[in-house]
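Here the structure comes first, spelled out in C-alpha cells, and everything after it is commentary.
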Amino acid sequence: MNAVSRRRFLVLGGSAAALAAGAAGSLAWLRGSAPDVAGLRVLSSQEYRTMAAIGRTHIPQGGAFGPGADDFDLARLFDGYLADQPEADQRDAALALNLVEFGPVLFEQHAVTFSHLPPDAQLAHWSAWGTAQQQTRREIFWSFSRFLGLTFYDHEAVWPHIAYAGPSFARLATRPAVTP
Amino acid sequence: MSDVLDCAASGFVPHDLKCDFLVIGSGCGGGTAARVLAEAGKDVILLEEGGDFVGPDKLSQRDTPMYDQLYVDRGGRTNKDRTVNILSGRVLGGGGVINACDVVPIHDATWAYWQKHHGWHDFSATAMQPYVQRALADLSANRILEQQINRNNQILRQGTQALGWRGEVMMHNRVKCQGLGSCLIGCPASAKRNPRMVAIPKALAAGARVLVRARATLIRDATTDRKRVEVQTLDAKGYHPVNRFAIDAKCVIVAANPVGTVALLRNSHLGNDQLGQHVSLQPQVPIVALMADPVNAFEGIPQAYAMTEFERHDPDHGLGGFRVESIFGTPGVLGSLVSQPGAAGKTLMAQLDHAAASLILIPDQPVGQITLRRDGRPEIDYTLTAEWKARARQAVRAAARAYFAAGAKMVVIPAAPPLVLQSEAQLAQVETLTFDAATISLISAHQQGGGRLGTSEATSACDLNGQVWGTRGVFICDGSIFPSSSSSHTMTPIITMAHALADRLASHAS
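Line by line, the protein sequences give chains Z and G. The C-terminal position of the first sequence is numbered 915 in the numbering used here, with every residue numbered one higher than the one before it. The C-terminal position of the second sequence is numbered 491 in the numbering used here, with every residue numbered one higher than the one before it.
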C-alpha cells in the first residue's frame, strides 16, 4: 500500500468509524434508559421493556375481554424461559428484541423507538412485522406471537373469557369411560 | 420388574454400565425395539432424554409446563425459516405420549412404491402383515365409537357428507377413554396404549434397564465389537447437564426421532453423505370455522373424523393428495396460532366455544435436510415446494367448502394477515395464500427421513437391517428410515418397522 492510498484508507476508515459511533450513539439516545427491573435473569431492563411493549401490543388489555399480557408480566416469563435456553438462543432473542426496538428507526425512518411509540402506532408497526418484506422480521413476529399466545391463554384468569372450563381430569375422570 | 431409573434423582450417576443393546430414544421405535430385544432374552438398556410422566400429578393438562416438559426444545422447535413448528416428544414413551392417537398403517401402495423405487424388497405388504398385526395389537387399535365423536368432529363430517365426499371415523389406540380432550399434552387418565403404557412395561418386565433424563451425546468405536456411548445426566427439568457417564454396548440402536437421530450420528462423525438428507415434515395447515351454535370442542376426542376424499395412494409416487382432520387443543396452543395482534386476536379467541377446527394434512416430498449448527445442535433446512403450495391451496379451499356446507359463518386461516372468508363466494381469496417463509404458522407432527433405509450407500443412510453404512452394529430404528411419507400418521408405521427390524437384530445376535 503506498503512502497516498494508506492516508486515504485511514481517512475513510476513520470517517466510517466516526459515522458508526455517531449512529450508535444516536440510537442509544433514541432508546433512552429504562427503569431498573429487579430479578431479571437474562434480559436487560431495556430488553425487558421492549418485550413488555410487544406483549401489550400483541395482547392488549380490554377489547373482547379485560386481561392483557401486562396483567401476567409475560416479559418476565420470557426472561425465565430464556434463562434455561442455550446461550446462542439468548443472544438471538436479545438481537431480535433490539431489532424490534429500533424497528421504527430502521424500517420507517421515525426518530422514535418502539417502546416510545403511542399504542396505536405500536400496533401498526408490530402488525407490519408479520407481513414485512424482510423474512427475518416475519420470523421474529411469529416467534414472539407463538410465545405470547401460548403463555397468555394458558393463564387461568383468561379461561372464563374464552369459555374454557379448565383442566378436565378432576371433572370428567370419575364419569364412566366409553369402552371399545 | 425393575423401576425406571431417574438420572435426575439427586447424586445418581450410574457406573460401569454394559449391555448387548443400547437403545437411544424410548418412543414408538426405540420403546418397541427395546421390548422385542428384551423379550428375546437380550441384555438391553433404554435411554430417554426426557422424564417419566404418568398420571394426573405429572400430566397437568396445562400448556406451558407440558409443552416445556413433554416436547423437544420445549415445543419451540421450528425449521430454519420458522414456518413450520416441529413437534416431537421428549418424554418416556416419546411421540406416543403427546400424539392424537391416530392409528393409520402403511398403505399397500406405499409398500409397493418403496419396493419399486427404493429397493425395499424385503418389505412387501404381504411380508409385513404379521408386523402390522403386532403393531395393531400393541396399540389395542379400535375404531372410535359413534358416541365418542364430539361436535367438532361431527361438523367436519356433516360438511364432508353434504358435499358427497368420502371420509372416515378414525382408528385410535385409546382404551377406556374419558374424553378429557388434552391428548396433545398427555393423558392423565392413561387411556393411551402408547409405548409408555405397553412396550416399556414389557421391556422392564423382561429385564431391560430404563434410564430417563439421560442424554446420549457421542458414540465412539462404531466399527468395533464394543461401542462406548457417552451420556449426560440432566437436571430435574431436563434443561442442564449434571453429570457424565459411559455405557459399553455391543450394538447401539438410535431411535431419537429423525432430528435427534441425525444429530447424534453426525456429532459422532458417523454416517455417509445421505445421512440427514430426504427429510419429510408433512406440514399441516390449521383452519378454524366459526359456527352459529356452541361447539365446545375442548372436551372429547380431539381427532375422530377425517375427510379422505382427496387422499391419494399411488405405487409410483407413494402418499399424496391431502386429508382434512378435525382437531382441537388446549387454550395455549390454540392461542399460539392466533396471528392477529391487538384486539382483533382477542375477539377471535373469545369465540372459541363456537369454533370448529381442523388440520389439513398435506404429504410432502422428502426435500428437507438436517445439518448441525456450530454448537452441535441440529438445524432443519426445509422449504415448501411450489407443488406443495398449490396442493395446499386446493386443500384449504376443500376444507373451507366443507365448513361452509356445514353452516360455518366464517372460516379463518391463521396466516399473517389472517385469511378470513365470510362465504363460499370468497374462496378465490385462498389464492392469496403464498405459503412463503414465515407468512403462516404450519405444524409438523410427523417428521420422517434423514436416515433412509435402502440397498445402496449411494442412495441411503443405512442398509435394509437399519445398520448405518460404515459402522458395525450401529442401527437406526425410528421414522428416519422411511424413504418418503409412510402414512398420514406415523405411530403405527414406526412400531411396525421397529418390530421387523428388532426381530432381525434379535435373530442375527443369536
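Where a beta carbon is used, it is the ideal one built from N, C-alpha and C, also for glycine.
Practice task
Using only alpha-carbon positions, find the residue among G:I343, G:F385 and G:A380 that is nearest to A367 (chain G).
Solution key: G:I343
Practice task
Quick one: grab the DSSP three-state call for Q448 (chain G).
Solution key: strand
Practice task
Determine the closest residue to A839 (chain Z) out of Z:A867, Z:A818 and Z:F813, with distance taken between C-alpha atoms.
Solution key: Note on residue identity: the sequence assigns Pro, not Ala, to residue 839 (chain Z). Comparing Cα positions, the closest option is Z:A867.
Handout entry: Coil, strand or helix - V156 (chain G) by DSSP
Key = coil
Exercise for the section: Report the residues of the segment 279 to 297 of chain G with a CB closer than 8 Å to any CB of chain Z, ordered along the chain. Expected result: F279 and E280
Practice task
Mind listing the chain G neighbours of R910 (chain Z)? Cutoff is C-beta to C-beta under 7 Å, in chain order.
Solution key: Q159
Practice task
Look at the Cβ atom of G12 (chain G), then the Cβ atom of P176 (chain G), and state whether they are nearer than 9 Å.
Solution key: yes
Problem - Beta-carbon contacts of E290 (chain G) that lie in its chain and below 6 Å, excluding the five residues immediately before and after - result: W146 and R147
Problem - Spatial neighbours of S850 (chain Z) in its chain, beta-carbon cut-off 7 Å, leaving aside the 5 residues before and after - result: R784, T785, A788 and E836
Handout entry: CB contact check: R873 (chain Z) to chain G, cutoff 9 Å
Key = yes
Handout entry: G865 (chain Z) at chain G interface by Cβ criterion, 9 Å
Key = yes
Problem - Contact set between T477 (chain G) and chain Z, taken where Cβ atoms lie within less than 7 Å - result: In chain order: nothing, as chain Z lies at least about 21 Å away.
Practice task
Reducing DSSP to helix, strand and coil, say where G349 (chain G) ends up.
Solution key: strand
Exercise for the section: Compare the C-beta of A828 (chain Z) with all C-beta atoms of chain G and state if any pair is closer than 9 Å. Expected result: no
Handout entry: P770 (chain Z) beta carbon less than 9 Å from that of V893 (chain Z)
Key = no
Problem - Assumed close pair D83 (chain G), H153 (chain G) - CB separation to whole angstroms, cut-off 8 Å - result: 6 Å
Problem - For E874 (chain Z), the nearest candidate out of G:Q428, G:E405 and G:A396 (CA to CA) - result: G:A396
Practice task
Go ahead and label T914 (chain Z) buried or exposed: buried means 16 or more other beta carbons lie within 10 angstroms of its beta carbon, across all protein chains shown.
Solution key: exposed
Problem - Cut-off 6 Å between Cβ atoms - residues of its own chain near R115 (chain G), not counting five sequence neighbours on either side - result: H480
Exercise for the section: Look up Q265 (chain G) in the DSSP assignment and say whether it is helix, strand or coil. Expected result: strand
Problem - Neighbourhood of T440 (chain G) by C-beta, 7 Å cutoff - its chain only, sequence neighbours within 5 removed - result: Q255
Handout entry: Neighbour flag for N248 (chain G) against chain Z, beta carbons, 9 Å
Key = no
Problem - Between the CA atoms of Q448 (chain G) and S880 (chain Z) - distance to the nearest angstrom - result: 42 Å
Exercise for the section: With a floor of 3 residues, list each beta strand (DSSP E) that falls wholly inside the segment 173 to 220 of chain G, ordered by position along the chain. Expected result: 190 to 193, 195 to 201 and 208 to 215
Problem - chain G contact for Y783 (chain Z) (CB, 9 Å cutoff) - result: no
Exercise for the section: Determine, using beta carbons only, whether D83 (chain G) comes closer than 9 Å to chain Z. Expected result: no
Handout entry: Same chain, Cβ closer than 7 Å to L809 (chain Z), neighbours up to 5 away in sequence not counted
Key = G790, L883, T886 and F887
Practice task
For R43 (chain G), return the contacting residues in chain Z, with the cut-off set at a CB-CB distance below 8 Å.
Solution key: D889 and P902
Handout entry: With 16 other Cβ atoms within 10 Å as the buried cut-off, status of A818 (chain Z)
Key = exposed
Exercise for the section: Return yes when the Cβ of P296 (chain G) is within less than 9 Å of the Cβ of A122 (chain G), no when it is not. Expected result: no
Handout entry: Simplified DSSP state of L423 (chain G), which is helix, strand or coil
Key = strand
Exercise for the section: May I have the straight-line CA-CA distance separating A118 (chain G) from M109 (chain G), to the nearest angstrom? Expected result: 14 Å
Problem - G31 (chain G) to A90 (chain G) span [Cα, whole Å] - result: 36 Å
Practice task
Taking I5 (chain G) and V193 (chain G) to be in contact with their CB atoms under 8 Å, please state how far apart those CB atoms are, rounded to whole angstroms.
Solution key: The pair is not a contact, with the Cβ atoms about 12 Å apart (cut-off 8 Å).
Problem - Whole-number beta carbon distance between R190 (chain G) and P902 (chain Z), since they are thought to touch under 8 Å - result: No, P902 (chain Z) and R190 (chain G) are not in contact; Cβ-Cβ is about 34 Å, not under 8 Å.
Problem - Per DSSP, the bridge partner or partners of D83 (chain G) - result: G:H153
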